[in-house]
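**Q**
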Amino acid sequence: MNQTEHIDWSDFMKVELRVGRIVAAEAFPEARKPAYKLQIDFGSDIGVLKSSAQITALYAPETLIGKQVVAVTNFPKKQIGPFMSECLVTGFHDASGNVSLCAPEHQVPLGTRLL
Numbered sequence: 001m002n003q004t005e006h007i008d009w010s011d012f013m014k015v016e017l018r019v020g021r022i023v024a025a026e027a028f029p030e031a032r033k034p035a036y037k038l039q040i041d042f043g044s045d046i047g048v049l050k051s052s053a054q055i056t057a058l059y060a061p062e063t064l065i066g067k068q069v070v071a072v073t074n075f076p077k078k079q080i081g082p083f084m085s086e087c088l089v090t091g092f093h094d095a096s097g098n099v100s101l102c103a104p105e106h107q108v109p110l111g112t113r114l115l
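Per the UniProt record's numbering: the sequence shown = residues 1 to 115.
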């Protein structure tokens with residue numbers, strides 16, 4: 001059995017997991033590991049945030065445009081080389097260690113919070 005530390009509801013509510021739509025994706029050649037620079041629209045309340053994502057094994061930049069993803073929007077900004085990441089895109093490692101994006105199965109309004 002996994003010995004994970006339990007959290008309470010108030011801990012979970014601190015994490016803002018929200019749906020956004022990728023509006024731009026490009027190679028990030030300066031990154032230490034293969035990655036893309038993404039711009040993700042979270043709707044009018046949050047706007048467009050930037051993120052670096054190591055998802056090059058399963059996705060080409062042109063296939064990402066218009067895709068909805070789940071991201072953490074309330075982490076502090078993080079400098080990644082010459083790029084400032086403003087949110088954390090979520091995903092799962094497959095059996096080969098490649099990241100598969102976490103995304104809603106159906107379209108939902110931008111900025112919707114996961115609860």
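Idealized CB from N, CA, C, for every residue including glycine.
Bear in mind the structure is a predicted one, so any value in this text is a computation, not a measurement.
Can you give me the Cβ contacts of Arg-32 inside the same chain, cut-off strictly under 8 Å, excluding the 5 residues immediately before and after it?
**A** In the sequence shown, the residue the question calls residue 32 occupies position 32. For Arg-32, where only same-chain residues beyond five positions count, the Cβ hits under 8 Å are Gly-81.
**Q** For a quick check, are the C-beta atoms of Val-72 and Val-15 less than 8 Å apart?
**A** Here residue 72 refers to the residue found at position 72 when the sequence shown is read from its first residue. Here residue 15 refers to the residue found at position 15 when the sequence shown is read from its first residue. It is a contact, given that the beta carbons lie within the stated cut-off.
**Q** Please state the DSSP three-state secondary structure of Asp-45.
**A** Position 45 of the sequence shown, counted from the first residue, corresponds to residue 45. Three-state result, Asp-45: coil.
**Q** I need the boundaries of the beta strand (DSSP E) containing Ser-100, first residue and last residue.
**A** To locate residue 100, count along the sequence shown from 1; it is residue 100. Looking at the DSSP string, the run of the beta strand (DSSP E) that includes Ser-100 is 99 to 101.
**Q** Below 7 Å CB to CB, which residues in the same chain sit around Ala-25 once its five sequence neighbours on both sides are set aside?
**A** Indexing the sequence shown from 1 puts residue 25 at position 25. Excluding residues within five positions, the ones whose Cβ falls inside 7 Å are Tyr-36, Leu-38, Pro-61, Leu-64, Ile-65.
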